[in-house]
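J.: Input: one structure, supplied below.
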Amino acid sequence: MPDVKYVLNSGSIITEPAEAVKMVKICCIGAGYVGGPTMAVIALKCPDVEVAVVDISVPRINAWNSDQLPIYEPGLDDVVKQCRGKNLFFSTDVEKHVREADIVFVSVNTPTKTRGLGAGKAADLTYWESAARMIADVSVSDKIVVEKSTVPVKTAEAIEKILTHNSKGIKFQILSNPEFLAEGTAIKDLFNPDRVLIGGRETPEGFKAVQTLKDVYAHWVPEGQIITTNLWSAELSKLAANAFLAQRISSVNAMSALCEATGADVTQVSYAVGTDSRIGPKFLNSSVGFGGSCFQKDILNLVYICECNGLPEVAEYWKQVIKINDYQKSRFVNRVVSSMFNSVSNKKIAVLGFAFKKDTGDTRETPAIDVCKGLLEDKAMLSIYDPQVTEDQIQRDLSMNKFDWDHPLHLQPMSPTTVKQVSVTWDAYEATKDAHGICIMTEWDEFKNLDFQKIFDHMQKPAFVFDGRNIMNLQKLREIGFIVYSIGKPLDDWLKDMPAVA
Ligand code: NAD
Ligand code: UGA
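Per our numbering, the sequence shown starts with residue 171, numbered consecutively.
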């Protein structure tokens with residue numbers, strides 16, 4: 171076997187005999203939306219690597235070990251089935267697996283702080299810190315510790331301090347390896363990532379650690395797509411990437427309001443804009459607003475970092491992305507209420523879709539929560555249907571305080587009060603029966619194929635459709651007799667003189 175060479179930035183080369191480079195054992199702390207799928211794909215692509223995914227949540231680990239996985243993600247079942255029990259293990263024995271591992275990924279929650287310094291903006295690193303302290307406590311051999319969670323820039327420095335102050339002479343190398351998968355397409359994204367980003371210390375030990383992680387990904391990711399940087403660039407690139415993506419959505423959503431005011435069509439505008447190869451066509455779909463566990467949290471975190479670094483103008487710039495997102499959601503609620511004679515009190519409104527996007531059951535920060543709360547505020551009766559979200563989850567989401575959703579499940583409020591004006595159905599036809607209006611909150615494919623004539627026949631009149639995802643055939647709905655509102659589209663006469671903002 172040839173020797174293994176590491177090339178440093180300075181140009182000098184370190185050589186190690188191949189037999190010294192042993193195969194790695196991986197442990198991932200946090201069996202969530204990132205930890206579970208990411209590790210399952212590493213196990214599938216690296217049959218010679220043993221991967222253990224550990225979590226403090228017993229129900230979550232039990233679910234990973236059952237036929238009913240804890241998250242819905244197309245293709246995930248298949249990957250897990252192929253490796254579970256062979257080189258992929260799910261366990262609550264966190265300490266044992268951390269102790270035995272060469273590489274420890276940390277993919278725990280990094281929610282927005284709700285109290286104290288930086289409340290409402292800064293990342294709460296409690297879970298990360300406790301994971302780091304535990305790693306230091308139980309380790310008996312040198313380890314590479316990988317930040318998989320999205321963290322503030324410079325977190326690695328803090329983690330390094332925790333590890334080295336408690337290390338009993340054991341050496342730790344910290345790497346930043348942020349995850350870019352999107353939910354609903356996680357397996358596709360992991361199989362074929364645009365890039366894998368690895369940041370490390372620019373020292374011989376740092377380069378060696380980067381190389382070890384690179385070797386894992388090199389099992390299936392072409393070398394040219396594995397980018398290596400310094401630690402701080404990797405940490406910041408993740409926050410920057412999410413901020414840029416969210417910014418595109420807020421930009422097109424801002425345009426959608428102007429389209430409604432002028433008669434332009436946002437789909438035509440975003441197509442025309444996106445065909446400029448410098449801009450590109452992706453991520454320009456206007457919607458009721460972006461949701462998901464990360465965009466808002468990561469931008470708030472970015473804003474806080476800017477403020478802490480004495481950059482208020484930069485902070486203000488990014489804050490605007492969130493302001494437009496909130497504006498878009500309240501604009502939608504105002505459209506619904508003002509169209510329906512300025513009151514939805516005691517009217518049945520069917521809400522189709524609750525997940526923050528299609529092909530996931532995840533409801534974290536879904537725009538449906540704010541829209542439903544806005545309608546409930548006006549005393550609407552809601553009938554909600556989502557193919558992947560349970561009644562329990564919807565009730566929890568509508569009664570939970572802001573940001574509580576991003577803590578581990580067992581630390582969230584267990585028996586929240588039920589919202590009485592909300593019923594949840596397992597069928598779109600049932601949800602829409604006798605309704606005055608329909609709000610489309612998630613772009614599930616099945617909604618496009620519903621029999622809208624049948625739905626219309628069973629609704630109160632005038633019957634309204636408010637399409638928050640621009641997935642409906644508006645012409646067809648109008649022919650049936652619906653009054654239709656679709657984000658950023660030319661308005662029906664009915665809506666033209668109604669106020670769009672409160
Ligand atoms: P998640 O809530 O689904 O999973 C986190 C898991 O960590 C939970 O199961 C929790 O019980 C566990 N945990 C917390 N503290 C622990 C500890 N001390 N020991 C063991 N287990 C512990 O969250 P997620 O969506 O997987 O996100 C994790 C991180 O990845 C976040 O920083 C997030 O910003 C980032 N991220 C998420 C996505 C995504 O699509 N969800 C994508 C990229 C990055
Ligand atoms: C996003 C990023 O796309 C991932 O790269 C990143 O890893 C992840 O956040 C993260 O850090 O958590 P995700 O939130 O899973 O992934 O899903 P997206 O496809 O980005 O959608 C986010 C929200 O924006 C959804 O509510 C979606 O409906 C909305 N969206 C997306 C639009 O309104 N318009 C678009 O054109 C695209």
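Just so you know, even glycine gets a beta-carbon here, dropped at the ideal spot from N, CA and C.
Computed from a prediction, not measured in an experiment: that's the story for all the values here.
Which same chain residues end up closer than 7 Å to Trp664 when comparing Cβ atoms and leaving out the 5 residues on each side of it in sequence?
T.: Translated into the one-based positions of the sequence shown, residue 664 becomes position 494. Ser509, Ile653.
J.: Using a Cβ-Cβ cut-off of 6 Å (strictly less than) and excluding sequence neighbours within five positions of Thr284, which residues of its own chain qualify?
T.: As a working mapping, residue 284 is identified with position 114 in the sequence shown. For Thr284, where only same-chain residues beyond five positions count, the Cβ hits under 6 Å are Phe573.
J.: Can you look up Ala190 in the DSSP assignment and give me helix, strand or coil?
T.: In the sequence shown, the residue the question calls residue 190 occupies position 20. Bear in mind that a pLDDT of 47 at Ala190, under 50, signals an unreliable position, so the model cannot answer this.
J.: For the candidate residues Glu270, Met425, Gly205, whose alpha-carbon lies nearest to that of Pro240?
T.: Translated into positions along the sequence shown, residue 240 becomes position 70. Closest by alpha carbon: Gly205.
J.: Alpha carbon to alpha carbon, how far is Val473 from Lys489? Give it in angstroms, no decimals.
T.: As a position in the sequence shown, residue 489 is number 319, starting the count at 1. As a position in the sequence shown, residue 473 is number 303, starting the count at 1. Looking at the two C-alpha atoms, the distance is approximately 7 Å.
J.: Any chance the region 226-243 sits against the region 303-317, with 3 or more Cβ pairs inside 8 Å?
T.: No, because fewer than three Cβ pairs between the region 226-243 and the region 303-317 fall closer than 8 Å, the two stretches do not touch.
J.: According to DSSP, simplified to helix, strand and coil, what is Ala434?
T.: As a first step, residue 434 is located in the sequence shown; it is residue number 264 there, counting from the start. Three-state result, Ala434: coil.
J.: Cβ atoms of Ser277 and Cys198: under 8 Å apart, would you say?
T.: By one-based count along the sequence shown, residue 198 stands at place 28. By one-based count along the sequence shown, residue 277 stands at place 107. A contact, by the Cβ cut-off of 8 Å.
J.: Candidates Arg269, Val386, Ser593: which alpha carbon is nearest Met304's?
T.: The count along the sequence shown starts at 1 and reaches residue 304 at position 134. It is Arg269.
J.: Tell me the DSSP bridge mates of Thr334?
T.: The residue labelled residue 334 in the question sits at position 164 within the sequence shown. Thr334 pairs with nothing; no bridge assigned.
J.: Using the C-alpha atoms, what's the distance from Val436 back to Phe453?
T.: For the purposes of this step, residue 453 is taken as residue 283 along the sequence shown, with counting starting at 1. For the purposes of this step, residue 436 is taken as residue 266 along the sequence shown, with counting starting at 1. Roughly 13 Å between the two C-alpha positions.
J.: Are the region 543-552 and the region 514-530 touching by the rule of at least three beta carbon pairs closer than 8 Å?
T.: Yes: the two stretches touch, three or more of their Cβ pairs being nearer than 8 Å.
J.: Beta carbon of Gln558, beta carbon of Thr588: below 8 Å?
T.: Taking the sequence shown and counting its residues from 1, one reaches residue 558 at position 388. Taking the sequence shown and counting its residues from 1, one reaches residue 588 at position 418. Not closer than 8 Å, so no.
J.: Does the region 447-465 touch the region 414-424, meaning 3 or more C-beta pairs lie closer than 8 Å?
T.: As far as the Cβ criterion goes, the region 414-424 touches the region 447-465, which means the pair count is three or higher.
J.: May I ask which residues mark the beginning and end of the beta strand (DSSP E) holding Asn504?
T.: The count along the sequence shown starts at 1 and reaches residue 504 at position 334. Careful: Asn504 lies outside any beta strand (DSSP E), inside the alpha helix (DSSP H) at 482-509.
J.: Suppose you measure from the CA of Ala633 to the CA of Leu568; what does that come to, to the nearest Å?
T.: Sequence index remark: in the sequence shown, residue 633 carries index 463 (1-based). Sequence index remark: in the sequence shown, residue 568 carries index 398 (1-based). Their Cα atoms are separated by approximately 26 Å.
J.: Distance check for Thr595 and Tyr203, CA to CA, integer angstroms please.
T.: By one-based count along the sequence shown, residue 203 stands at place 33. By one-based count along the sequence shown, residue 595 stands at place 425. The straight-line gap from Cα to Cα measures roughly 26 Å.
J.: According to DSSP, what are the bridge partners of Arg254?
T.: Walking along the sequence shown from the start, residue 254 turns up at place 84. Answer by DSSP bridge pairing, in chain order: Leu258.
J.: Please name the residue, chosen from Lys256, Ala201, Pro348, Ser227, that lies closest to Cys216 on a Cα-to-Cα basis.
T.: Looking up residue 216 in the sequence shown gives position 46. Of Lys256, Ala201, Pro348, Ser227, the residue nearest in Cα terms is Lys256.
J.: Checking 8 Å against the spacing of the C-beta atoms, do Ala605 and Gln630 come in under that value?
T.: Translated into the one-based positions of the sequence shown, residue 605 becomes position 435. Translated into the one-based positions of the sequence shown, residue 630 becomes position 460. Yes.
J.: Let me make sure I understand the geometry here. Which of Gly450, Gly544, Ala210, Asn412 has the alpha-carbon closest to that of Ser515?
T.: As a working note, residue 515 is residue 345 in the sequence shown. The shortest Cα separation from Ser515 among Gly450, Gly544, Ala210, Asn412 belongs to Gly544.
J.: Give a single yes or no on whether Asn347 has its beta carbon closer than 7 Å to a heavy atom of ligand 1.
T.: Numbered from its first residue, the sequence shown carries residue 347 at position 177. Result no, Cβ not under 7 Å from ligand 1.
J.: What residue from Glu477, Ile475, Ala598 has the CA that sits closest to Phe626's CA?
T.: For the purposes of this step, residue 626 is identified with residue 456 of the sequence shown, where counting begins at 1. The shortest Cα separation from Phe626 among Glu477, Ile475, Ala598 belongs to Ala598.
J.: Determine, using beta carbons only, whether Ile494 and Ser420 come nearer to each other than 8 Å.
T.: For the purposes of this step, residue 494 is identified with residue 324 of the sequence shown, where counting begins at 1. For the purposes of this step, residue 420 is identified with residue 250 of the sequence shown, where counting begins at 1. Result yes, Cβ atoms of Ile494 and Ser420 sit closer than 8 Å.
J.: Do Ala306 and Ser337 come within 8 Å of each other at the CB atom, strictly closer than that value?
T.: Counting from 1 along the sequence shown, the entry for residue 337 is found at position 167. Counting from 1 along the sequence shown, the entry for residue 306 is found at position 136. Yes. Within cutoff.
J.: In the DSSP assignment, what are the bridge partners of Leu367?
T.: As a working note, residue 367 is residue 197 in the sequence shown. BP columns for Leu367 point to Ile397.
J.: Okay, do the region 387-404 and the region 357-371 touch, 3+ Cβ pairs below 8 Å being the bar?
T.: Touching, yes, given that three or more Cβ pairs across the two stretches are closer than 8 Å.
J.: Mapping DSSP to helix, strand and coil, what is Leu661?
T.: Translated into positions along the sequence shown, residue 661 becomes position 491. Leu661: coil per DSSP, three-state reduction.
J.: Taking DSSP as the reference, what is the three-state secondary structure of Ala527?
T.: Taking the first residue of the sequence shown as 1, we reach residue 527 at position 357. First, the residue type needs correcting, since residue 527 is Lys and not Ala in the sequence shown. Here Lys527 sits in coil by DSSP.
J.: Whose C-alpha, out of Leu401, Ala431, Ala411, Thr445, is nearest the C-alpha of Glu327?
T.: Within the sequence shown, residue 327 is the residue found at index 157, counting from 1. Of the listed residues, the one whose Cα sits closest to Glu327 is Leu401.
J.: Which of the three DSSP states, helix, strand or coil, is assigned to Ser553?
T.: Translated into the one-based positions of the sequence shown, residue 553 becomes position 383. Three-state result, Ser553: strand.
J.: Can you list, in chain order, the residues of its chain whose CB lies under 8 Å from that of Asp667, leaving out five sequence neighbours each side?
T.: Indexing the sequence shown from 1 puts residue 667 at position 497. Counting only Cβ-Cβ distances below 8 Å, and skipping sequence neighbours, we find nothing.
J.: Look at the alpha carbon of Gly459 and the alpha carbon of Trp234, and state the distance between them as a whole number of angstroms.
T.: As a working mapping, residue 459 is identified with position 289 in the sequence shown. As a working mapping, residue 234 is identified with position 64 in the sequence shown. Going from the Cα of Gly459 to the Cα of Trp234 covers about 31 Å.
J.: Can you tell me whether Lys618 is helix, strand or coil according to DSSP?
T.: Numbered from its first residue, the sequence shown carries residue 618 at position 448. Residue state, collapsed to three classes: helix.
J.: Might you give, ordered along the chain, the residues of its own chain that have their beta carbon closer than 8 Å to the beta carbon of Arg230, omitting 5 neighbours on each side?
T.: Mapped onto the sequence shown, residue 230 falls at position 60. Contacts found: Ala201, Gly202, Pro240, Leu579.
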